[in-house]
Every structure is written in structure tokens, then in C-alpha cells.
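**Student:**
Number of protein chains: 6
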Amino acid sequence: MPEPRRAAMVGRFQPVHKGHVKAMLDILAEFDELVIVLGSAQLSHELDNPFTAGERMVMLRLALAHSGVGPERYWIVPVPDAPMHSVWVPMVLAYCPRFEVVYSNEPLTRRLFIEAGFEVRPIPFYKREIYSATEIRRRMLAGEPWEGLVPAPVADYIKALGGVERLVDLAKTDKPKRPGQDEVSSAPHTW
Amino acid sequence: MPEPRRAAMVGRFQPVHKGHVKAMLDILAEFDELVIVLGSAQLSHELDNPFTAGERMVMLRLALAHSGVGPERYWIVPVPDAPMHSVWVPMVLAYCPRFEVVYSNEPLTRRLFIEAGFEVRPIPFYKREIYSATEIRRRMLAGEPWEGLVPAPVADYIKALGGVERLVDLAKTDKPKRPGQDEVSSAPHTW
Amino acid sequence: MPEPRRAAMVGRFQPVHKGHVKAMLDILAEFDELVIVLGSAQLSHELDNPFTAGERMVMLRLALAHSGVGPERYWIVPVPDAPMHSVWVPMVLAYCPRFEVVYSNEPLTRRLFIEAGFEVRPIPFYKREIYSATEIRRRMLAGEPWEGLVPAPVADYIKALGGVERLVDLAKTDKPKRPGQDEVSSAPHTW
Amino acid sequence: MPEPRRAAMVGRFQPVHKGHVKAMLDILAEFDELVIVLGSAQLSHELDNPFTAGERMVMLRLALAHSGVGPERYWIVPVPDAPMHSVWVPMVLAYCPRFEVVYSNEPLTRRLFIEAGFEVRPIPFYKREIYSATEIRRRMLAGEPWEGLVPAPVADYIKALGGVERLVDLAKTDKPKRPGQDEVSSAPHTW
Amino acid sequence: MPEPRRAAMVGRFQPVHKGHVKAMLDILAEFDELVIVLGSAQLSHELDNPFTAGERMVMLRLALAHSGVGPERYWIVPVPDAPMHSVWVPMVLAYCPRFEVVYSNEPLTRRLFIEAGFEVRPIPFYKREIYSATEIRRRMLAGEPWEGLVPAPVADYIKALGGVERLVDLAKTDKPKRPGQDEVSSAPHTW
Amino acid sequence: MPEPRRAAMVGRFQPVHKGHVKAMLDILAEFDELVIVLGSAQLSHELDNPFTAGERMVMLRLALAHSGVGPERYWIVPVPDAPMHSVWVPMVLAYCPRFEVVYSNEPLTRRLFIEAGFEVRPIPFYKREIYSATEIRRRMLAGEPWEGLVPAPVADYIKALGGVERLVDLAKTDKPKRPGQDEVSSAPHTW
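So the protein lines, in turn, are chains A, B, C, D, E and F. Be aware that the first sequence starts at 249, since it is given in our numbering, and climbs by one per residue. Be aware that the second sequence starts at 249, since it is given in our numbering, and climbs by one per residue. Be aware that the third sequence starts at 249, since it is given in our numbering, and climbs by one per residue. Be aware that the fourth sequence starts at 249, since it is given in our numbering, and climbs by one per residue. Be aware that the fifth sequence starts at 249, since it is given in our numbering, and climbs by one per residue. Be aware that the sixth sequence starts at 249, since it is given in our numbering, and climbs by one per residue.
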């Protein structure tokens, strides 16, 4: 029995939104299985990366189940960042089931996979200016409604884990307004 | 809707064998979902760790499907090794969907999870002396039959990807017999 | 004999100033011992982190001795940054003597310790807008008087090691004004 | 006021024993202050490195207080291992208050400090064959009396934190006797 | 036979330009051999660091050959970034043939080498405002002529490897204009 | 002008010996240029890796000059070890000028390059049992004559830098004979 035909889609999914799901459904119409590369897996508790890899995995399964896609159609593979761009593609390949095609609109991701000999296809985004993880995090911080941009069970899950409160906490600061100012507390950065 | 009750099982799965599957079935009889922590995810192409994380993920899905368990019942989470034992458990927790109980027989794994406040249960192994990844790798290298120790589709998959040849290659050496001898070629080690 | 009751305070102490000392005295009025977590211990020779961990340790002891606090009342624990936020608290715990309470105003530090189950208390700062390491570094670079913001022996120590000259050197550049411009020399960054 | 004259002593202190204390007293008879470099600070929960840096710091203070030496006479500086031998000395120097002389019997430590231009003196050990951290760990595992080899408050502290049980747990294994055998559980190794 | 007298010059060489070559010729008029420290060797495929270490090595040899300098007069040593500034100089020393003097205008590089006891000399730049790697990358992105700023064989080499296209690709983005916005694709960052 | 035809040879060169040189001459008879991948570049001051990358670079140039091969025929590229085997080849490729063929007898090196699509050829060794870096280090430690196994200027260079004394120092120990015993001094290991 041959391996199924698989395509990969790379994202950070901070958080998963309806644009992601739409793209995944499109890819699954073309391929047997989808490999979801959950990038920057080691990051969490940052303004741009509030959710852990585990939380993002749950969101992805909830989102796809909500669209009728069972986990036998896809793989979720958390992959930590690479120490240098030139080894990122082989690192992804080592972490993932084999795939044939990559879907991405991100220029660096596209170029690295193309230089590695992969076919890379664009993702036809649906209402990109609103279905955007950045826009969702902005709305969460601004207290504006964001729930409509994500599948309903993802919204419920984020609320249940206190995701908005976490983001607000990360944005809160008691510091004087001069930028870069750091006082008593160290920010634990990556090495 | 509450989160499903989940238990975790930690392993390197080099390769997946029938003992693993038996343990997973036992755990799934007790819990809604199983979180399979695929440890040392970054390792491959070593005598003790021949297979990549991606290959081990495929083996796990093949093995469980062969026993009638669909992926909606479990999560496979590749986790790289930690830089210090004291941060390994929180690193696992950040990578995985939340779980309540850990199944493990490995003393260090047990102690680290117990110190972190988890309930840790032993795995009742089935014919441990033969259903063993070490035994399987030994048989592969010795040219002895190993296929019966793993689920049939796992054996097929390993053969299709040339896994035995890879292991034999890793064991082969043209070097004189004095131990530690290294000649022209550097072994690419972990940093 | 039971372990002493300890509280922790996290900081980078670039450099130690009177606001730090005031907060430490307040904490020591409540606890037997203070654990001073010297964060970002690996950093030095940067505009925001000019001093080495060793230099900061000396400053802390000088500052507390100047207020009549001997080292039997506190621990100074240099802790390097963590590779991911989710392991920073367990890493701090492994490096430090056990403590019960954390004092911090920094939102991320507060949240990470709270998620780890710690009681976190705010630090009532004294004249925060001037007793600030950022303000001190700014004054050092601007050639304005900064000595009054730090305990006298800390000022002497910084002068003796040529700290201001080091900071000025780090800020100096012969480069044309276009930002991000880098010429012949590589900046040695963290990995 | 000039900086005090300081000498450094490097060790892992797994655990602290009477031989360490004897050497420290000898050094303190010659120097104003002692810098105790607590090496391999990041390691714990290993057979050769059972105790965390924080636990070893407490042991050191207990041991020296038991000999009448207050912490104003010494510094304890936890230092993680370096990625390459050639940067270990400068890393130690960055973490520590300045010192003039190094006491060490370990050949690599001696050579690296000598190549860096330091005066390195040998440590005159007292009954080396029994005052040895390796011997103490061996006795702990064998159930033989070990308490007499460490200062009394260190023995009490180790017992209170369950140190012997931890060591025994780390040595315990349910695995079949073939060496290198690894089953279900991954050992969480350093990166 | 004594070792040749060597001077070092540190740079990232993204890309090599005529100002670099001029400085190298000046140094080679004073010393037997030049050690070219190729910094940030691990970086590539970034807007500020588009070229790999291997590509930069080729550029350097082409550029110097074009000025009549053969490789017996110099060493090219790719050195990855260090995890902390305080170990960068010893790391460079371990990677390189021994040298006596360092040529650099970059303040941090200068200070770190001076603190390590080296003689550091300034580089008399030739028309610095145009012979600048940043200016060259800017022109490449803007579609302006850049070829005159680099030695002719370097320009040919960059064109042959598609360097301008790579840079343009790295700068391209389909993202909406709000800064920091990240969509489906993760940028593979350094660890 | 097309790029020269290049072949790569991977080694640690601890130290360079006549077998290495013989192999290099053979390769240079077939190719325009040789890329010498100096592996484990970050290691030094270990029994198996006594020499720094810089020292090994000097040895290589001395050895090849002694055989009449100038540096315009080869590249020496120090490459640090990779964090995982699966990214080692792409890391080597990023550090090196492009090459077409790899010469290696080491099974892992061979397999990794073959899996990456390279042609890998064996190295016909000359008197392998004696022209061996391990044998040379063994003789150095045993006080037996080793100079005949390396090119004459390499022997002179090793003597001038005190290489034998370094190796002897690294092997010396004052420790009791029980293996694994570690006392006061920490061995500075890789992270």
C-alpha cells in the first residue's frame, strides 16, 4: 500500500481562525492527508505567541471537527524554531510524515522550501484583512468582539482556559512610559 | 463541555511494538483520550534512535489503526529533549494537551512527574523480555526475525522505508577495532 | 529545624539602585530570608545589560551591607534566561533555595509564577520614575549625575570598574546614521 | 577601598562533604574571600548529579556555618556547563566576583585556568579516599552509613528533602538486564 | 620557524564590497597574514544576512584574487554567534589561527577585544557612506545599480547564484500593512 | 565562468596525519578544488579532541604546503556539531562553498550525505592501522614516537604549541581509581 498523498501547511496558529480552516478544507480537497506544521512550538506567554503548543493542538482539532474533518485526515506536528534558517526545512522534514507539496504565502517559508526542491503553492485567503491571528489578538486586547473570527468551539476553548486574560496580563505593565524601560523584573527571554 | 479525561504515556518508540500497543489499549480502556509523548523527538540516525519523529508518528498511527483505534482517541506529540531534567516536565506540559495521569515504568520519568504533583501509574507489560524496542533493534542488526514483535503494518512500513538497511549502515564501520578510534570522518553529534 | 521562611525578588539589577534596596528591606521585614534572583545572568556588555553577573553580585552585597543587611539574610542566585517562557519558573526553582512567595511587578513574571501556583505580591516602589535602572543608564550616557540614585558604595564600585566608560563605549558608533547599518564588524549576538 | 583578595574553588558538590569544608577553611586562611564556583549548575536528578543547584547552595551555607564561617567570607556562584571547553573559563569569570587564584586538583580545570593566565594551586585533600562525593553517593545507594562523611546539618538537610530516596529512585529500574535497553519511557536528556 | 605575524579583521560580509578589500589590502601591507573572521556564520536568508557562510567565503576569495591577493596571505574563518558577549572573544580565538592585532571600528567588538588584552586598531574606511553592505542591500532591493560597489567577480557571483532575487523574495510579503502581522506561516527564527 | 568542480572530505583532524594528506592528494587529482570540512569545530581540550579549530586549520595548511599543495586548491571550513543528525548535512552545505561529491568512509556521514542525494565515494586509506589520529594520540600519551605519522611541519607545530603536554595534562588525574569519580572540580562539559 503506497503512502497517502500529503500536503503541508505551516503556521503558528496564535490562535486558529476561520481563514486557517478554509485553507485546510481547500487543501484537503486536493490531497489525501494534511500535515499541519505547528511552528514556533516552544513559544507561549508572549504578546505575539500567547498560546502553548498543546493549546494550539487542541484548537486545531476542535476547529477541524467543527467543519466535519476527522483527525484521520491530518497530522498536527509541533516543531520548535531552528537555530539557523538553512536547517529549518530539514528539521521540519525530520519531524513530519513525508509530504509532497507545501502551501504557504510567507516569503521566507516559500523560498526555503523552493530551494529544497519542493513544490510550493499559494494559499487563496478568504477575507484576509479580518481572518488574521494578529487582528484577533488586537481585538482581544482592545476588548472588541473577536469570537466571530474563530470557529465557535475554539472561542469557547480560549475562554475556558482564560486566554484573553492571559493576553491582557502580558500586555499590562506598571512601568513608566519610556520605552525599553525595565525595572526590578527580568523578562525571561529565549537563550 | 468539559475537556476529555486524558492520560499520558511517554516513549521513544524506536520502533513501535506490540507491547506499546497493548499498554495503549489498556490505558484507553480507562481514559477518554491518550496523549502519546514521543520523546527525544529530535533524534534519528543513531543506533539507539534510528527513526525520525515523523517516521515514528506514522508507525504509531499504523499500529493503533491495526488495533481498531482511530486518531480521535489519541494525540501524538513529538517533544525534543530538555536541557536539564528539572525543566522536562513543564516542557512536556507546554507541548501537550492537558492530561491528568501519567503511565510510566521508567524511574526518572516517574520521579519527575511525581515531584510535579502528578499521579503516575505503572504499565503492566506484556512479555517484556521480547516486546522491547532494544530487542527488536538487536534482531534487526543480527539478521534475526523481528517482524512478529511489531504490528504487521509497522513491519511493512519499516521495510518500505529501508529501516533495517539504515540501522545496519549505522552499525557498519570500516574502522580498526580499537575502541574510540575515529579517522577521517567526524561523527555529527548533538551540540 | 525547619527551613527559614523565604521570599524571592526577581531582577536584572543593571545596575542595583536605591529602589531595589528599599524593596528588599521591606521584604526582609516580613520574611526570614530573601532570595534575589539575578535574571539574564548570562548577559553583559549590552546597552541594556552592561554589567556581568559577577559585577551585579558584588553591587548587591555592597548595597545591602550599606543598609546594614548581612549576607546571612539573603541569597543571590544568578539564573540564565530560559529557552522558552514555559520552563522559566521551574528553572528558577531548580537554581534557588526553596521560597514561598514572589515579589514582582513585572506582568510576565507575575503570571508565570501565578500559573505555577505561587503567591505573588506587588513591590511598593519608592519614587519609581527616578529610582530606575533605565533612568540611571540614561543619565550615565547623557553625562548627567546618576550617583545619587544608587547606594554610595555601588557608585564607587561602578566607577572603579569603569562602568560608565563601558556603557559609553557600547553606545558609541562610527557608523553612518541610517539605522540597522552594519559594516565591517559583526555584532556578536546570542545564539 | 580595594577589592578583597579572593580565591576560587570549583566543584559540583554532589553533595557537600567534610573534605570540601576542610579545603575551604584552608583557603580562607590565606584569602579574604572565597568564591565557590558551583559547577554543572543546571544538572540534577541524575545518578552522578542528584541535587539541584538550589539544594547545593543550601548545603554549602549549612556546612560552612557549622564550621563557624559566615557568608560574608564567601560567594556561592552557580554556573551552568559551557558549550565548549575553550569558553568555560571566561564564562566562569563573567558569572563570578573577580578572583586572583584558583584552587583545583582536576586536570582539565587546572589547564584551562593556567592557559588563561591564572595561578592555580592544588588542594591538599584530607582522607581523600573516603571524603568523596562519589563514595557518599555509593554508600547512599548501598544502604551503608554515609552521614559521618558530611557535616551534621548537611546530613539532616539531605534527609529532610528525601535525597537518599531520590537517589535510590534514580537507580531503580524495572528493565531487563541487557545494557542500554530502553522501553516505553524516554530518558529526558540534555539537549 | 616562528609563526607569521597575523592581524584579524571581523565582519559579516553581507556582501563583500570594495571597502572591505581596501581595508584588507591596508592590513596586509603591515602584517604577514590576515585572519578574516566571518561573523554570524550561521545566519543566512535574512534581509540583513542574505548570504550563507559558504557563499561569503567564495566572495572573499574572489574579491581578494581580483586585487591580486592569493589565499596563502589570509585565512577565512566562519564563526557562529556566541551565546553571551563575554565568551565571544575566546570563541573567536579557539576558531582562528593565532593573531596579534585586531582591526575593527565596531564599538562592542573593540571593547571586547580590548578587555581581553588585545591591541585594537581602527580601520581607515574609504568612502564609507557608499562602500557599505547595508547600502548595497538597499540598492539591490530598490532596483538601483549596486554592482559598482563590489569587485566585479563578486557581482558576477551574486548574480549567478540569484542573490538579488533571494533578497527581493525575503523582502516580499503578501501581508496587510499592520506591522508585526503574521498569518499562516511561521517565520523560522533562531532558537 | 563556471564554479570549479569541488569535492568535500570530512574529518576532525585531531591531529592531521599523513593518511589525511594522501587522501587529499588523491582527491585533488580528480577535482579542481577540495573542501575540507573540519568537523566538531567547537571541541578542544578533550582527550579525543585536544586541538582547537584554529590549531587544526594551521596544521592542515602546513601539511598540504609540505606536499606542494597551495591554499588556492582547497578550502578549510570549520563546522560545529549539529543539534540533530537530520540537520547536519544542510548545516555543512550552508557553511561550505558548493561541492559535488563527498569522500568519506564513516558510515553515518556516508548515509546522511547519500540520503541528501550526494554521490559519496570511499577513501582508499594508506596503512590505515598506523596512519590514524587515534593511534597518534595513543602514542603521544604513551610516550612513544608519533612524529613519523604526521608531516614534519605538523610535528614541529604540535611541539611548539605544547600539544603533547596538553594531552598528557588532560589524561592526568589525581583521582582514586573508581571510575566516574568526581571530587571538588567540575568537568566543564558541553551544554
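For glycine and all other residues, C-beta sits at the position ideal for the given N, C-alpha and C. Owing to the predicted nature of the structure, the values given are computational and were not obtained by experimental measurement.
Please tell me whether residue 260/D and residue 287/D are closer than 8 Å, where the distance is taken between their beta carbons.
**Tutor:** Reading the fourth sequence from its first residue, position 12 is the one you call residue 260/D. Reading the fourth sequence from its first residue, position 39 is the one you call residue 287/D. Yes, these two residues count as a Cβ contact at 8 Å.
**Student:** Leaving out five residues before and five after residue 319/C in sequence, what residues of the same chain have Cβ atoms less than 7 Å from its Cβ?
**Tutor:** Locating residue 319/C in the third sequence gives position 71, counting from the first residue. Excluding positions up to five away in sequence, the list reads 309.
**Student:** Between the region 332 to 347 of chain E and the region 271 to 291 of chain E, do three or more beta carbon pairs fall short of 8 Å?
**Tutor:** Output reads yes: the region 271 to 291 of chain E touches the region 332 to 347 of chain E.
**Student:** Got a sec: which bits of the region 294 to 310 of chain E sit with their beta carbon under 7 Å from any beta carbon on chain F, in order along the chain?
**Tutor:** 300, 301, 302, 305 and 306
**Student:** Apply the 10 Å Cβ neighbour rule to residue 302/A and answer buried if 16 or more other Cβ atoms are within range, or exposed otherwise.
**Tutor:** Here residue 302/A refers to the residue found at position 54 of the first sequence. Around the beta carbon of residue 302/A, 16 or more other beta carbons lie within 10 angstroms, which makes this residue buried.
**Student:** Can you pull the chain E neighbours of residue 420/C, defined as C-beta to C-beta under 7 Å?
**Tutor:** For the purposes of this step, residue 420/C is taken as residue 172 along the third sequence, with counting starting at 1. Ordered by position in chain E, the residues that pass the 7 Å Cβ test against residue 420/C are 355.
**Student:** Using a Cβ-Cβ cut-off of less than 8 Å, give me the residues of the region 273 to 297 of chain D that come near chain B, in sequence order.
**Tutor:** 290, 291, 292, 293 and 294
**Student:** Just to confirm before moving on: does the CB-CB distance between residue 293/E and residue 359/A stay below 8 Å?
**Tutor:** Taking the first residue of the fifth sequence as 1, we reach residue 293/E at position 45. Taking the first residue of the first sequence as 1, we reach residue 359/A at position 111. For residue 293/E and residue 359/A, yes; Cβs fall inside 8 Å.
**Student:** List the residues of chain B whose Cβ lies closer than 9 Å to the Cβ of residue 342/C, in chain order.
**Tutor:** Taking the first residue of the third sequence as position 1, residue 342/C is located at position 94. Per Cβ cutoff of 9 Å: 332, 333, 334 and 335.
**Student:** Use the C-beta contact count for residue 250/D: other C-beta atoms within 10 angstroms, 16 or more gives buried, fewer gives exposed.
**Tutor:** Sequence index remark: in the fourth sequence, residue 250/D carries index 2 (1-based). Flag for residue 250/D reads exposed.
**Student:** Please go through the same chain and pick out, in chain order, the residues whose beta-carbon is closer than 6 Å to the beta-carbon of residue 258/C, but skip the five residues on each side of it.
**Tutor:** Residue numbering aside, residue 258/C sits at position 10 when the third sequence is read from its first letter. Closer than 6 Å at Cβ, skipping near neighbours: 285, 287, 352 and 357.
**Student:** Just tell me which of 386/D, 307/D, 379/D and 296/D has its CA closest to the CA of residue 409/D.
**Tutor:** Residue 409/D sits at position 161 when you count from the first residue of the fourth sequence. Relative to residue 409/D, the option among 386/D, 307/D, 379/D and 296/D whose CA is nearest is 307/D.
**Student:** If we ignore side chains and look at the alpha-carbon of each, how far apart do residue 296/B and residue 334/F end up?
**Tutor:** Position 48 of the second sequence, counted from the start, is the residue given in the question as residue 296/B. Position 86 of the sixth sequence, counted from the start, is the residue given in the question as residue 334/F. Approximately 15 Å between the Cα atoms of the pair.
**Student:** Less than 8 Å between the CB atoms is what I'm expecting for residue 349/B and residue 367/B, so what's the real figure, rounded?
**Tutor:** In the second sequence, residue 349/B corresponds to position 101, counting from 1. In the second sequence, residue 367/B corresponds to position 119, counting from 1. Right, the Cβ-Cβ distance comes to about 5 Å (below 8 Å), so this counts as a contact.
**Student:** Check each residue of the region 395 to 416 of chain F: if its Cβ is closer than 8 Å to any Cβ of chain D, include it; give the result in chain order.
**Tutor:** 414
**Student:** Exposed or buried, residue 315/A, counting other C-beta atoms within 10 Å across all chains shown (16 or more means buried)?
**Tutor:** Indexing the first sequence from 1 puts residue 315/A at position 67. That one is exposed.
**Student:** So with Cβ pairs under 8 Å, would you call residue 338/C a contact of chain B?
**Tutor:** Here residue 338/C corresponds to residue number 90 of the third sequence, with the count starting at 1. Yes, residue 338/C counts as interfacial toward chain B.
**Student:** Is there a Cβ from chain D that is less than 8 Å from the Cβ of residue 360/B?
**Tutor:** Stepping through the second sequence from its first residue, residue 360/B is reached at position 112. At least one chain D Cβ lies under 8 Å of residue 360/B.
**Student:** Using a 10 Å radius around the Cβ and a threshold of 16 neighbouring Cβ atoms, would you call residue 392/C buried or exposed?
**Tutor:** Indexing the third sequence from 1 puts residue 392/C at position 144. Classification for residue 392/C: exposed.
**Student:** Do you know whose CA, among 402/D, 388/D and 406/D, lies nearest residue 311/D's CA?
**Tutor:** By one-based count along the fourth sequence, residue 311/D stands at place 63. The shortest Cα separation from residue 311/D among 402/D, 388/D and 406/D belongs to 402/D.
**Student:** Could you pull out every residue in the same chain whose Cβ sits closer than 7 Å to the Cβ of residue 328/F, ignoring the five residues on either side in sequence?
**Tutor:** Your numbering for residue 328/F matches position 80 in the sixth sequence. 289 and 290, listed in sequence order.
**Student:** Quick one: what's got a C-beta closer than 8 Å to residue 276/E's C-beta in the same chain, skipping five residues either side?
**Tutor:** Along the fifth sequence, one-based indexing puts residue 276/E at 28. 282, 317, 321 and 322.
**Student:** Is residue 322/F helix, strand or coil when you go by DSSP?
**Tutor:** Taking the first residue of the sixth sequence as 1, we reach residue 322/F at position 74. In the structure shown, residue 322/F sits in a strand (DSSP, three-state: E or B).
**Student:** Would you mind telling me which residues of chain C sit closer than 9 Å to residue 365/D, beta carbon to beta carbon, in chain order?
**Tutor:** For the purposes of this step, residue 365/D is taken as the residue at position 117 of the fourth sequence. Within 9 Å Cβ-Cβ: nothing; residue 365/D doesn't reach chain C, min ~17 Å.
**Student:** In terms of residue numbering, what span does the alpha helix (DSSP H) encompassing residue 383/D cover?
**Tutor:** Locating residue 383/D in the fourth sequence gives position 135, counting from the first residue. Counting along the chain, the alpha helix (DSSP H) containing residue 383/D begins and ends at 381 to 390.
**Student:** Comparing alpha-carbon positions, which option in 255/D, 265/D and 419/D lies nearest residue 406/D?
**Tutor:** Position 158 of the fourth sequence, counted from the start, is the residue given in the question as residue 406/D. That would be 265/D, whose Cα lies nearest to the Cα of residue 406/D.
**Student:** Would you verify that the beta carbon of residue 320/E is, or is not, closer than 8 Å to some beta carbon of chain F?
**Tutor:** Position 72 of the fifth sequence, counted from the start, is the residue given in the question as residue 320/E. Yes, residue 320/E counts as interfacial toward chain F.
**Student:** Under 8 Å between C-beta atoms, does residue 345/E make it to chain F?
**Tutor:** Against the fifth sequence, residue 345/E aligns to sequence position 97. Interface with chain F (8 Å Cβ-Cβ cutoff): residue 345/E is included.
**Student:** Can you tell me where the beta strand (DSSP E) holding residue 367/D begins and where it ends?
**Tutor:** Taking the fourth sequence and counting its residues from 1, one reaches residue 367/D at position 119. First-last of the beta strand (DSSP E) with residue 367/D: 367 to 369.
**Student:** Can you tell me which residues form a DSSP beta bridge with residue 350/A?
**Tutor:** As a first step, residue 350/A must be located in the first sequence, where it is residue number 102. Partner(s): 256/A and 368/A.
**Student:** By Cβ distance, which residues of its chain are closer than 8 Å to residue 370/A, with the 5 residues on each side in sequence left out?
**Tutor:** What you label residue 370/A is simply residue 122 of the first sequence in a count that begins at 1. Within the same chain, residue 370/A has close Cβ partners 351, 352 and 353.
**Student:** Starting from the C-beta of residue 378/D, find all residues in its chain whose C-beta is less than 7 Å away, skip the five residues before and the five after it, and write them out in chain order.
**Tutor:** Within the fourth sequence, residue 378/D is the residue found at index 130, counting from 1. The answer, listed in chain order, is 397.
**Student:** In terms of residue numbering, what span does the alpha helix (DSSP H) encompassing residue 362/D cover?
**Tutor:** Within the fourth sequence, the letter at position 114 stands for residue 362/D. 355 to 363 is the span of the alpha helix (DSSP H), which, as asked, contains residue 362/D.
**Student:** From the DSSP output, read off the bridge partner residues of residue 286/F.
**Tutor:** In the sixth sequence, the residue the question calls residue 286/F occupies position 38. Partner(s): 259/F and 326/F.
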